[in-house]
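Peer 1: One structure, as structure tokens, below. Some questions next.
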Amino acid sequence: KGLEEMRAQYIKAVSKIKRDMLCYIRESKERAAEMIKAEVLRERQETARKMRK
Amino acid sequence: KGLEEMRAQYIKAVSKIKRDMLCYIRESKERAAEMIKAEVLRERQETARKMRK
Amino acid sequence: AARYLEEEELRSQHILECLNAHIEELKKDSEKTVRQF
Numbered sequence: 006k007g008l009e010e011m012r013a014q015y016i017k018a019v020s021k022i023k024r025d026m027l028c029y030i031r032e033s034k035e036r037a038a039e040m041i042k043a044e045v046l047r048e049r050q051e052t053a054r055k056m057r058k
Numbered sequence: 006k007g008l009e010e011m012r013a014q015y016i017k018a019v020s021k022i023k024r025d026m027l028c029y030i031r032e033s034k035e036r037a038a039e040m041i042k043a044e045v046l047r048e049r050q051e052t053a054r055k056m057r058k
Numbered sequence: 014a015a016r017y018l019e020e021e022e023l024r025s026q027h028i029l030e031c032l033n034a035h036i037e038e039l040k041k042d043s044e045k046t047v048r049q050f
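Chains as they are written, first to last, in this note's numbering: chain A, 6 to 58; chain B, 6 to 58; chain C, 14 to 50.
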């Protein structure tokens, strides 16, 4: 009986760790997308400046 | 005895998760550094081109 | 750039599969232990 409880607790603990990792991974993907977006924007402005010259 | 065995199983699972995450994070850092290095290089070439003009 | 994001997507899917595999392994092993005792 006790073992069943322990098993359930251990499984709950690793699932929580996984949830936290999912969160971290999602955030790091969002950050990467932000970085790229800013990069593309800068490129556009740069090209626009050149065109004007 | 059963409890000890289960505890060992839990610790094994958590250490595998930790190892995989550390690997993932290190890779992310390396890739980001690569991207930035490429970016700086492009900037230099851009400036060099402008200087020549 | 788009390639970079694509690779990020692939890497995150891969790591998730790994995490799930470890959790499944723990579930199976601990199930065996419970039955044993």
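Beta carbons: idealized from backbone N, C-alpha and C, even for Gly.
Measuring straight from C-alpha to C-alpha, what distance separates Glu-44/B and Ile-41/A?
Peer 2: Rounded to whole angstroms, Glu-44/B to Ile-41/A spans 11 Å at the Cα level.
Peer 1: Do the region 17–28 of chain C and the region 10–19 of chain A touch if we need at least three Cβ pairs shorter than 8 Å?
Peer 2: No contact exists between the region 17–28 of chain C and the region 10–19 of chain A.
Peer 1: Going by the CB atoms, is the gap between Leu-32/C and Lys-23/A shorter than 8 Å?
Peer 2: Contact flag set, yes.
Peer 1: What residues from chain B crowd round Lys-49/C, counting only those whose CB sits closer than 7 Å?
Peer 2: A small fix is needed here, since residue 49/C is Gln in this sequence, not Lys. Ordered by position in chain B, the residues that pass the 7 Å Cβ test against Gln-49/C are Gly-7.
Peer 1: Counting only Cβ-Cβ distances shorter than 8 Å, please list the residues of the region 10–26 of chain A near chain B, keeping chain order.
Peer 2: From the region 10–26 of chain A, only Met-11, Arg-12, Tyr-15, Ala-18, Val-19, Ile-22, Lys-23, Met-26 have a Cβ closer than 8 Å to chain B.
Peer 1: Residues of chain C with a CB under 8 Å from the CB of Met-40/B: which are they?
Peer 2: The contacting residues are Tyr-17.
Peer 1: Using the Cβ count rule (16 or more neighbours within 10 Å means buried), how would you classify Glu-49/C?
Peer 2: First, the amino acid is wrong: residue 49/C is Gln here, not Glu. Counting Cβ neighbours within 10 Å, Gln-49/C comes out exposed, since fewer than 16 surround it.
Peer 1: Can you tell me where the alpha helix (DSSP H) with Ala-38/A in it begins and where it stops?
Peer 2: 7–57 is the span of the alpha helix (DSSP H), which, as asked, contains Ala-38/A.
Peer 1: What residue range does the alpha helix (DSSP H) around Ala-34/C cover?
Peer 2: Start and end: 15–49.
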